[in-house]
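A.B. asks: Below you'll find the structure I mean.
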Amino acid sequence: RIGTAALAVQVVGSNWPKPHYTLLVTGLCRFQILQLLKEKPYPVAEVQQLDRLEQFTNGHKSEEELGELSEQFYKYAVQLVEMLDMSVPAVAKLRRLLDNLPREALPDILTSIIRTTNQEKLQILDAVRLEERFKMTIPLLVRQIEGLKLLQKTRKSKQDDDKRIVAIRPNRRITHGSITEDEEEEEDHDDVVMLEKKIRTSSMSEQALKVCLKEIKRLKKMPQSMPEYALTRNYLELMVELPWNKSTKDRLEIRAARIVLDNDHYAMEKLKKRVLEYLAVRQLKNNLKGPILCFVGPPGVGKTSVGRSIAKTLGREFHRIALGGVCDQSDIRGHRRTYVGSMPGRIINGLKTVGVNNPVFLLDEVDKLAKSLQGDPAAALLEVLDPEQNHSFTDHYLNVAFDLSQVLFIATANTTATIPPALLDRMEVIQVPGYTQEEKIEIAHRHLIPKQLELHGLTPQQIQIPQVTTLGIITRYTREAGVRALDRKLGAICRAVAVKVAEGQHKEAKPDRAEVGEGEDCKEHITEDAKPESISDTADLALPPEMPILIDFHALKDILGPPMYDMEVSERLNQPGVAIGLAWTPLGGEIMFVEASRMEGEGQLTLTGQLGDVMKESAHLAISWLRSNAKRYQLTNASGSFDLLDNTDIHLHFPAGAVTKDGPSAGVTIVTCLASLFSGRLVCSDVAMTGEITLRGLVLPVGGIKDKVLAAHRAGLKRIIIPQRNEKDLEELAAPVRQELTFVLAACLDEVLNAAFDGGFAVKARLEHLNSKL
Ligand code: ADP
Numbered sequence: 021r022i023g024t025a026a027l028a029v030q031v032v033g034s035n036w037p038k039p040h041y042t043l044l045v046t047g048l049c050r051f052q053i054l055q056l057l058k059e060k061p062y063p064v065a066e067v068q069q070l071d072r073l074e075q076f077t078n079g080h081k082s083e084e085e086l087g088e089l090s091e092q093f094y095k096y097a098v099q100l101v102e103m104l105d106m107s108v109p110a111v112a113k114l115r116r117l118l119d120n121l122p123r124e125a126l127p128d129i130l131t132s133i134i135r136t137t138n139q140e141k142l143q144i145l146d147a148v149r150l151e152e153r154f155k156m157t158i159p160l161l162v163r164q165i166e167g168l169k170l171l172q173k174t175r176k177s178k179q180d181d182d183k184r185i186v187a188i189r190p191n192r193r194i195t196h197g198s199i200t201e202d203e204e205e206e207e208d209h210d211d212v213v214m215l216e217k218k219i220r221t222s223s224m225s226e227q228a229l230k231v232c233l234k235e236i237k238r239l240k241k242m243p244q245s246m247p248e249y250a251l252t253r254n255y256l257e258l259m260v261e262l263p264w265n266k267s268t269k270d271r272l273e274i275r276a277a278r279i280v281l282d283n284d285h286y287a288m289e290k291l292k293k294r295v296l297e298y299l300a301v302r303q304l305k306n307n308l309k310g311p312i313l314c315f316v317g318p319p320g321v322g323k324t325s326v327g328r329s330i331a332k333t334l335g336r337e338f339h340r341i342a343l344g345g346v347c348d349q350s351d352i353r354g355h356r357r358t359y360v361g362s363m364p365g366r367i368i369n370g371l372k373t374v375g376v377n378n379p380v381f382l383l384d385e386v387d388k389l390a391k392s393l394q395g396d397p398a399a400a401l402l403e404v405l406d407p408e409q410n411h412s413f414t415d416h417y418l419n420v421a422f423d424l425s426q427v428l429f430i431a432t433a434n435t436t437a438t439i440p441p442a443l444l445d446r447m448e449v450i451q452v453p454g455y456t457q458e459e460k461i462e463i464a465h466r467h468l469i470p471k472q473l474e475l476h477g478l479t480p481q482q483i484q485i486p487q488v489t490t491l492g493i494i495t496r497y498t499r500e501a502g503v504r505a506l507d508r509k510l511g512a513i514c515r516a517v518a519v520k521v522a523e524g525q526h527k528e529a530k531p532d533r534a535e536v537g538e539g540e541d542c543k544e545h546i547t548e549d550a551k552p553e554s555i556s557d558t559a560d561l562a563l564p565p566e567m568p569i570l571i572d573f574h575a576l577k578d579i580l581g582p583p584m585y586d587m588e589v590s591e592r593l594n595q596p597g598v599a600i601g602l603a604w605t606p607l608g609g610e611i612m613f614v615e616a617s618r619m620e621g622e623g624q625l626t627l628t629g630q631l632g633d634v635m636k637e638s639a640h641l642a643i644s645w646l647r648s649n650a651k652r653y654q655l656t657n658a659s660g661s662f663d664l665l666d667n668t669d670i671h672l673h674f675p676a677g678a679v680t681k682d683g684p685s686a687g688v689t690i691v692t693c694l695a696s697l698f699s700g701r702l703v704c705s706d707v708a709m710t711g712e713i714t715l716r717g718l719v720l721p722v723g724g725i726k727d728k729v730l731a732a733h734r735a736g737l738k739r740i741i742i743p744q745r746n747e748k749d750l751e752e753l754a755a756p757v758r759q760e761l762t763f764v765l766a767a768c769l770d771e772v773l774n775a776a777f778d779g780g781f782a783v784k785a786r787l788e789h790l791n792s793k794l
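Here our numbering = 1-based position in the sequence shown + 20.
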């Protein structure tokens with residue numbers, strides 16, 4: 021029935037999301053309820069004030085005893101406060117309070133400051149007699165002093181003074197009264213103090229530190245139930261975690277780097293050379309504001325894995341940021357903190373993940389960034405990739421600058437066509453073309469097969485894949501510039517073999533009765549024939565397979581099914597009006613059949629196969645050139661007229677009609693195809709061609725020669741017609757490929773036609789013309 025009279029000084033709080041108010045009161049005195057007058061709407065009672073302070077000091081009997089008690093109490097209190105860190109303002113103020121306040125008030129104040137349970141606090145409040153109050157509080161003070169002593173001892177050994185501050189409450193709580201609070205809240209409060217400590221000891225920039233201290237000040241005043249509390253706290257935690265000044269030490273040695281690159285990757289000499297140059301310059305000049313490297317090439321040629329190797333050679337952390345399909349600029353730059361669910365962008369997130377400020381960031385698929393209503397992520401990347409600007413990259417979420425200049429950025433793309441020009445301008449493009457068959461075989465045997473074996477728990481003693489089989493997989497089961505499908509097929513083979521091996525082990529452990537009798541014969545039979553054992557054989561015989569399991573064509577068919585690609589080229593060229601062109605796509609080079617047919621009509625040209633405008637123009641150019649040269653080559657339409665379109669319609673088709681095609685490089689192919697149609701002669705079945713044409717019959721250079729040639733080589737073609745001015749591009753080709761192919765360098769269309777037809781396509785004499793009509 022004893023309570024405290026108090027004066028409400030401040031009321032703070034809100035009704036949202038749930039009612040939560042904090043009351044700041046100043047205690048006045050204790051009182052006792054004599055009689056309850058009414059209970060509703062709020063209790064009203066007649067009370068009696070209990071502690072009249074003068075009453076105790078005015079010449080009381082026990083004054084002496086009390087004086088002793090209060091002196092003792094004062095000493096303990098001073099001892100306790102002096103154990104704390106006096107440089108903290110709150111402590112200094114408390115020290116002053118001890119001297120200035122009347123001694124009688126001290127038990128109440130100190131009880132509310134030191135660590136006590138609610139129960140203990142209530143007991144002190146219930147103690148009306150001052151003497152009793154002193155007696156009860158002294159043990160609490162002693163307990164706190166002992167606790168602190170213990171803490172200091174452990175701290176000395178740990179050199180950790182984080183907890184020094186726990187005994188102090190912030191200023192505002194030192195009031196002459198009591199504020200009840202949960203233990204949990206206290207813990208949270210300690211967390212905030214710890215967070216502040218972390219902020220102060222972290223190595224963040226001055227600007228960031230200022231922002232953080234401001235935020236933590238706000239956080240302390242905020243009730244925890246406010247949604248902003250969690251938001252601010254997350255923000256501060258991220259700020260503390262970011263590697264402002266933490267970096268790994270580069271261990272760069274060019275010779276070692278060369279070895280790592282060579283060990284990890286076969287071929288790709290040009291790329292490796294450029295990467296080594298880049299690393300060498302970095303070694304000589306540490307703070308290189310160098311260009312951003314961008315590897316451009318078809319999928320599966322090892323762009324990502326070279327990036328990983330670079331990180332390995334430098335001894336840096338590696339982080340891949342997939343940009344494919346990113347269409348929101350906040351993905352790069354983060355959301356402002358005012359949004360619900362806001363978070364930092366991928367760059368800052370990446371830095372938090374790796375924990376150092378100088379990782380290798382691989383920006384994968386920069387060509388697949390998209391634009392949308394949420395802004396243009398490519399524009400946001402501009403700042404990230406510009407060495408002049410990125411030392412003060414500002415993420416919207418952080419809202420303070422972060423220095424990205426130590427980060428090594430590498431980008432990858434399939435094509436430069438869809439990279440915004442401004443972004444492309446900041447990067448140095450290194451083309452990574454596809455591989456030849458020979459290179460693929462080497463890559464498979466040096467890297468892919470050992471990797472797959474390890475993945476599937478197999479050893480070379482259990483499975484053997486000869487080079488001819490690898491070649492078989494490359495030519496018949498895959499048609500790609502890179503090695504990713506090849507890798508998958510090898511994986512499929514390993515899985516199939518793993519089943520056999522596991523089954524074999526099982527059977528060896530406990531052989532069937534049936535096997536014991538017949539098995540012997542079968543084994544003998546196999547060794548007699550000395551035939552390599554294929555998967556299908558072992559499946560039929562209920563026997564453990566003989567090790568190593570040899571993967572031959574037979575086994576290949578069993579595991580991968582019938583071949584997916586055939587050498588169909590020659591079959592398709594058995595009638596006039598078909599020619600093979602070479603196309604470049606982001607996925608590597610491809611061969612492309614161009615088909616033409618003519619029919620009676622009104623001189624119209626129909627084009628199908630989803631062609632772009634440039635391609636359509638090429639077709640018109642080709643027809644015009646042929647019409648103007650019809651007489652020279654004795655080309656006639658069905659009715660024998662030199663006007664090729666007279667009463668004739670022409671239909672040109674580019675198969676794979678679902679894929680959009682554009683570009684000028686099909687010009688020579690269309691001319692050859694139409695020349696074949698109008699002359700009735702077959703184009704050689706092993707010739708492929710590429711080149712742009714002009715109205716006067718010149719052949720102009722085109723791009724992507726290496727990829728195109730590799731595609732022709734993959735398809736088993738032998739002769740390739742390319743524009744003369746592309747001759748320099750042939751130097752990039754591997755010697756074995758160059759040896760297997762014949763190149764015809766054409767400067768004009770006459771030369772193209774001569775090379776495309778067996779026996780040439782010479783300007784014909786009248787007699788020959790008559791012959792051909794027969
Ligand atoms: P990309 O990023 O170009 O699409 P990846 O880097 O993911 O391709 O490469 C696919 C796989 O092919 C990886 O497992 C990689 O190790 C392997 N690979 C590609 N090129 C080579 C090479 N020259 N030497 C060894 N392995 C290679």
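For each residue, glycine too, the CB sits at the ideal point set by N, CA and C.
Going by beta carbon distance, what residues of the same chain come within less than 8 Å of ASP549, once the five residues before and after it are set aside?
C.D. replies: In this prediction, ASP549 scores a pLDDT of 40, lower than 50, which makes its location untrustworthy; the coordinate-derived value is nonetheless stated afterwards. Cβ neighbours of ASP549 beyond the five flanking positions: none.
A.B. asks: Between PRO311, GLU385, TYR455, ALA518, which lies nearest to GLN482 when the distance is taken from Cα to Cα?
C.D. replies: ALA518
A.B. asks: Assess contact between the segment 451 to 458 and the segment 501 to 513, defined as three or more Cβ pairs (one per stretch) separated by less than 8 Å. Is contact present?
C.D. replies: yes
A.B. asks: Take the Cβ of PRO63 as the centre, count every other Cβ of all protein chains shown within 10 Å, and call the residue buried at 16 or more, exposed below.
C.D. replies: exposed
A.B. asks: When every heavy atom of the ligand ADP is checked, does at least one fall within less than 6 Å of the C-beta of VAL213?
C.D. replies: no
A.B. asks: Taking just the CA atoms, how far does LEU130 sit from ARG189?
C.D. replies: Confidence in ARG189 is poor, its pLDDT being 42 and thus under 50, which makes the residue's placement too unreliable to answer from.
A.B. asks: Using the three-state DSSP reduction, which class does VAL376 fall into: helix, strand or coil?
C.D. replies: Correct three-state label for VAL376: coil.
A.B. asks: If you draw a straight line from the alpha carbon of LEU602 to that of VAL488, how long is it in whole angstroms?
C.D. replies: 27 Å
A.B. asks: For PHE413, is the classification buried or exposed, using 16 other Cβ atoms within 10 angstroms of its Cβ as the cut-off for buried?
C.D. replies: buried
A.B. asks: Short of 6 Å in beta carbon distance, which residues of its chain neighbour ASP284, apart from the five on each side in sequence? Order them along the chain.
C.D. replies: SER329
A.B. asks: Go through its chain and collect everything with a Cβ distance to SER696's Cβ below 6 Å, but skip five positions before and after it.
C.D. replies: PRO596, GLY597, VAL703
A.B. asks: Please give the ranges of any beta strand (DSSP E) in the segment 701 to 744, keeping only runs that are unbroken, at least 3 residues long and fully inside the region.
C.D. replies: 707 to 709, 739 to 743
A.B. asks: Consider the C-beta atom of ARG504 and the heavy atoms of the ligand ADP; say whether any pair is separated by less than 6 Å.
C.D. replies: yes
A.B. asks: I need the straight-line Cα distance from SER90 to GLY375, nearest angstrom please.
C.D. replies: Straight-line Cα distance between these residues: approximately 55 Å.
A.B. asks: Following the continuous beta strand (DSSP E) through GLY23, name the residue where it begins and the one where it ends.
C.D. replies: 22 to 34
A.B. asks: For the beta strand (DSSP E) that ASP770 lies in, which residues bound it at each end?
C.D. replies: Counting along the chain, ASP770 falls outside any beta strand (DSSP E), though it belongs to the alpha helix (DSSP H) covering 769 to 776.
A.B. asks: Look at the alpha carbon of ASP778 and the alpha carbon of ALA599, and state the distance between them as a whole number of angstroms.
C.D. replies: Looking at the two C-alpha atoms, the distance is approximately 13 Å.
A.B. asks: Going along the chain, which residues of its own chain have a beta-carbon closer than 7 Å to the beta-carbon of LEU444, five neighbours each way excluded?
C.D. replies: THR436
A.B. asks: So the candidates are TYR286, ALA331, GLY317, LEU272; which of them puts its Cα closest to the Cα of LYS305?
C.D. replies: Minimum Cα distance to LYS305 is reached at LEU272.
A.B. asks: Looking at TYR417 and ARG14, is the spacing between their C-beta atoms short of 7 Å?
C.D. replies: Residue 14 is absent from the model: the chain starts at 21 and stops at 794.
A.B. asks: Which residue or residues does DSSP assign as beta-bridge partners of TRP604?
C.D. replies: GLY609
A.B. asks: When DSSP labels each residue in this structure, what does LYS530 get in the three-state scheme?
C.D. replies: Because the pLDDT of LYS530 is 48, which lies under 50, any placement of that residue in the model is unreliable, and the number read from its coordinates should be weighed accordingly. Of the three classes helix, strand and coil, the one that applies to LYS530 here is coil, per DSSP.
A.B. asks: Rounded to a whole number of angstroms, what is the C-alpha to C-alpha distance between ALA65 and GLN55?
C.D. replies: 6 Å
A.B. asks: Do LEU405 and ARG446 come within 7 Å of each other at the CB atom, strictly closer than that value?
C.D. replies: It is a contact, given that the beta carbons lie within the stated cut-off.
A.B. asks: Do the segment 708 to 724 and the segment 658 to 676 meet, that is, are 3 or more Cβ pairs less than 8 Å apart?
C.D. replies: no
A.B. asks: Keeping to the same chain, check which residues put their C-beta closer than 7 Å to that of PRO379; ignore five residues upstream and five downstream.
C.D. replies: ARG336, GLU337, PHE338, HIS339, VAL427
A.B. asks: Inspect the CB distances between the segment 755 to 771 and the segment 713 to 731 and report whether three or more fall short of 8 Å.
C.D. replies: Enough Cβ pairs lie closer than 8 Å, so yes.
A.B. asks: Just list the alpha helix (DSSP H) runs in the segment 370 to 416, keeping only unbroken ones of 4 residues or longer that don't cross its boundaries, in chain order.
C.D. replies: 397 to 405
A.B. asks: Determine the closest residue to PRO318 out of THR268, LEU100, THR432, with distance taken between C-alpha atoms.
C.D. replies: THR432
A.B. asks: Counting C-beta neighbours from all protein chains within 10 Å, is the total for VAL32 16 or more, i.e. buried, or is it exposed?
C.D. replies: exposed
A.B. asks: What whole-angstrom Cβ distance do ASN667 and GLU620 have, given they're in contact under 8 Å?
C.D. replies: 6 Å
A.B. asks: Ends of the alpha helix (DSSP H) at THR333?
C.D. replies: 323 to 334
A.B. asks: For the candidate residues GLU474, VAL108, ILE274, LEU672, whose alpha-carbon lies nearest to that of CYS693?
C.D. replies: Nearest C-alpha to CYS693 among GLU474, VAL108, ILE274, LEU672: LEU672.
A.B. asks: Apart from the five residues on each side of it in sequence, which residues of its chain come closer than 8 Å, Cβ to Cβ, to PHE51?
C.D. replies: ILE22, GLY23, THR24, ALA25, VAL67, GLN68, GLN69, LEU70.
A.B. asks: Of the residues THR42, GLY511, ILE493, which one's Cα is nearest the Cα of ASP572?
C.D. replies: ILE493
A.B. asks: Taking GLY322 and MET288 to be in contact with their CB atoms under 8 Å, please state how far apart those CB atoms are, rounded to whole angstroms.
C.D. replies: 6 Å
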